[in-house]
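One structure is given here, and the rest of the page talks about it.
In the numbering used here, the protein residues as written are 130 to 588.
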């Protein structure tokens with residue numbers, strides 16, 4: 130198994146430090162808005178990695194954080210006259226609604242910054258004790274020039290970094306390249322007591338602290354989007370190794386390419402994005418998954434609705450094959466064939482999902498004639514291997530989709546829900562009515578509010 134390691138710029142052979150246990154950390158979202166397709170692509174990449182490692186017999190301890198206190202959260206909360214915690218809590222719920230709908234397997238733990246302030250303060254104190262950070266006017270900064278290895282992940286020189294560095298009027302840095310570990314409190318912002326006065330953590334420190342707290346030293350994999358290499362991951366690496374020691378933080382750095390829209394990266398801050406929720410309300414989650422996996426994870430994806438529609442049609446061919454296989458029993462014991470071996474080799478080669486999908490579609494094309502020619506003793510083997518390959522890529526078995534309720538009972542349940550929602554609308558409790566609509570949408574039921582009343586349909 131080989132993965133491209135950003136630190137070495139090579140495809141390195143993968144060996145977990147603890148033999149059969151993989152410890153993986155992936156940077157999570159700042160929850161102040163709905164996730165866009167770029168977020169979906171990122172967490173899909175690490176979902177496939179997670180599933181593949183499990184299928185190969187590894188245990189996986191997977192940590193993904195939430196940055197639940199940040200300038201973006203504070204500014205958005207002020208805009209809509211909400212409390213920052215209230216806003217973060219809401220969009221953490223929305224994150225899980227979208228990712229569950231998209232079929233993203235849950236991480237082992239989702240730590241939040243606001244739940245680890247004491248640990249963050251303790252880690253900053255250790256950095257200061259080692260001589261790599263200083264306090265200035267209630268702020269604490271990491272001294273970039275004091276750490277000789279700074280730049281080894283992004284491969285940037287200090288002079289290259291200095292050209293883009295600047296000091297905001299509110300900052301007390303000694304050097305423009307230094308970055309904040311702790312920010313002194315501003316009026317009206319959430320803050321906590323610390324040895325340097327009341328304030329809150331800087332952005333980068335949280336991931337160093339939470340990865341070490343939950344995973345220990347020498348973690349196997351740290352993942353995130355390619356845009357995080359600098360400055361976020363570079364800063365993470367420096368401040369963590371300042372405490373843990375050179376080379377004691379992360380062994381393999383893995384980064385995924387971005388999703389572009391109109392030739393620019395998809396981003397909430399610029400308004401150039403399409404929400405994951407909107408796409409999943411019109412297209413099958415499996416279709417979007419198939420579309421995004423059709424590009425290697427390190428390459429950018431230019432979001433294209435026509436290509437997504439093509440992927441939906443392609444996935445219908447998979448579904449049709451699964452329907453034909455529904456009554457075929459699986460072999461009494463596992464029988465892995467050459468196609469599954471090729472599939473594993475593709476994913477072992479730097480998680481090459483386009484090649485893995487090619488194996489699946491070739492496998493279907495070559496074996497479909499068996500389904501039309503009566504019973505064949507190779508059919509159970511075909512079903513077994515196809516099901517295992519689809520499972521590794523997160524495509525659910527056909528029989529797990531939909532409701533177990535019959536159509537009459539389902540209609541009765543939906544009438545009750547719609548009646549309750551109508552009552553809430555009369556009471557102008559629109560936050561709850563929207564929540565009901567969105568939660569139903571996340572499990573494949575669309576509500577349509579018309580002049581004649583509310584209708585529902587399976588999406």
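All residues carry an ideal CB built from backbone N, CA and C; glycine is no exception.
The structure displayed is predicted, hence computed values, not measured ones.
Asked                                                                                                                  : Found
Backbone CA spacing between residue 408 and residue 451 [nearest angstrom]                                             : 24 Å
Which of helix, strand or coil DSSP assigns to residue 261                                                             : coil
Secondary structure of residue 533, DSSP reduced to three states                                                       : The predicted position of residue 533 is uncertain, since its pLDDT is 40 and thus under 50; no value can be drawn from it.
Straight-line gap, residue 318 to residue 149 (C-alpha atoms, nearest Å)                                               : 44 Å
Stretch-stretch touch, CB-based, cutoff 8 Å, three pairs: the segment 472-485 with the segment 171-190                 : yes
Contact between the segment 333-352 and the segment 137-154 (3+ Cβ pairs under 8 Å)                                    : yes
Distance cut-off 8 Å: residue 310 Cβ against heavy atoms of the ligand SAM                                             : What this structure holds is no ligand at all, so the ligand SAM is not there to describe.
Three-way DSSP call (helix, strand, coil) for residue 229 in this model                                                : helix
Residue 393 versus 367, 433, 406, 384, residue with shortest Cα-Cα distance                                            : 433
Beta-carbon proximity of residue 236 to residue 174, cut-off 9 Å                                                       : no
Status (buried if at least 16 other CB within 10 Å, exposed otherwise) for residue 464                                 : exposed
Beta-carbon spacing of residue 132, residue 431 below 9 Å                                                              : no
Spatial neighbours of residue 534 in its chain, beta-carbon cut-off 6 Å, leaving aside the 5 residues before and after : A caution first: residue 534 carries a pLDDT of 45, below 50, which makes its placement in the model too unreliable to give a value.
Limits of the unbroken beta strand (DSSP E) element including residue 412                                              : Unbroken run through residue 412: none, as it is neither H nor E.
C-alpha distance - residue 304 paired with residue 481, whole-angstrom precision                                       : 42 Å
Backbone secondary structure at residue 142 - three-state DSSP                                                         : strand
Cβ-based neighbour list, residue 529, same chain, cut-off 6 Å, excluding 5 preceding and 5 following                   : In this predicted model, residue 529 has a pLDDT of only 45, less than 50, meaning its place in the structure is not dependable enough to derive any value.
Span separating the alpha-carbon of residue 171 from that of residue 353                                               : 7 Å
Residue 507 burial status per 10 Å Cβ neighbour count (16 or more: buried)                                             : exposed
Buried versus exposed, by CB contacts within 10 Å (16 or more), residue 365                                            : buried
Straight-line gap, residue 164 to residue 233 (C-alpha atoms, nearest Å)                                               : 13 Å
Collapsed DSSP secondary structure at residue 584 in the structure displayed                                           : strand
Contact under 9 Å by Cβ, residue 416 with residue 435                                                                  : no
CB-CB length for residue 453 against residue 500, believed under 8 Å                                                   : 5 Å
For residue 511, the three-state DSSP class (helix, strand or coil)                                                    : helix
Start-to-end residues for the alpha helix (DSSP H) that takes in residue 368                                           : 363-373
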